[in-house]
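One structure is given here, and the rest of the page talks about it.
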Amino acid sequence: MEFLFGWIFASVVLFVICFAFWLLSRAPYDQVLLSASSSTSSASERPEHPRETANPDLTASDKKKTHFKFRAPLKGSSSYTHPWLAGSLKGHLSRVLDFDLSPNGKHLMTCSEDRSLILWNCSDFLEREHKCFRLNLDLDHALKVCFAPDSKSLLLCMAFDNTLTVYKLAKKESHAFRIEQVENVQFEKVHKADIIAIGISPDAKYIISASGDTSLAVWDLKGKILKMVNTNHGNNYYACISPCSRFIGTSGFTPDVKVWQVLFSKNGEFQDVTRAFELKVRCVVFCCM
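This is the structure we're talking about:
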């Protein structure tokens, strides 16, 4: 009898323990259902639009006007102004990588990542509308652009080929221009790193191109390499030609500017490029005095 009573007591205790565990395990699920039902009821009770409940007599046009007042301003709506600003030239669809003014002061050439060249008239800069002539390049875009001293030819540095290309301006009827490539002038690929600077000497005797390593190339106007110079800058950052056409300045990673002299004979034949002097500065700009 005592054994039976003990067995019944143990069964009741086990049942109570199992029932308690079942309640504890079901409590989170009940809370989730309760929160879901409360959110649903609150969402159904919430008004669809606060302005409509605040004033239900508003017409459709009044509601649109009220909604427009809270709309964020559009990007680019405010235009930049400055007392010296003559105007903004807009025509490219991507980043403008370089530009150059013609020596005669009549034109500005710009190149962009959208594989286009645009020729602008400087006489239109103060006008409301800016006339331009556009050329789309095939399968490549120009990184650098430089006018020749005659203001009729252009020197371009192409991005994918990493070579130089010559274009010329040809006048059409009604004061229009045509930009076309000069096929008989070809430059071979001599730079291993990307070209970072190009230039044409003011006396139209030679062309330079500098790459991001330490190489500086001096060319003639027909695309023949005259000399390769190792600048020993670690990395070239910039290169330019002096207005007198006698010197080339280079700067780079090292804290100095090196000036090179381009030597020609009395007959106009190229002789050599020699080291002229060195400046302990970071950048170089040649000025006419």
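All the letters of the sequence shown, read from the start, carry residue numbers 1 to 289 under UniProt numbering.
Glycine included, C-beta positions come from ideal geometry on N, C-alpha and C.
Keep in mind the model is a prediction, meaning the values are calculated, not measured.
- By the neighbour-count definition (other C-beta atoms within 10 Å, threshold 16), residue 244 is an exposed residue.
- Taking all protein chains shown into account, residue 231 has 16 or more neighbouring C-beta atoms within 10 Å of its C-beta and is therefore buried.
- 144 is the residue among 148, 144, 80, 22 whose C-alpha sits nearest the C-alpha of residue 194.
- Distance between residue 166 and residue 80, taken at the CA atoms: about 36 Å.
- Ranked by how close their Cα comes to the Cα of residue 196, the residues 183, 211, 257 have 211 in first place.
- The beta-carbon separation of residue 236 and residue 256, rounded to 12 Å, does not stay under the 8 Å limit for a contact.
- In this structure, 248 is the residue among 107, 248, 121 with its C-alpha nearest to the C-alpha of residue 227.
- The beta carbon of residue 272 sits closer than 6 Å to those of 263, all from its chain and outside the five residues before and after it, given in chain order.
- Judged by their CB atoms, residue 113 and residue 94 are nearer to each other than the 8 Å cut-off.
- Within a 10 Å sphere around the beta-carbon of residue 260 sit 16 or more other beta-carbons, which makes this residue buried.
- Per DSSP, reduced to three states, the secondary structure at residue 219 is strand.
- Rounded to the nearest whole angstrom, the CA to CA distance from residue 9 to residue 18 is 14 Å.
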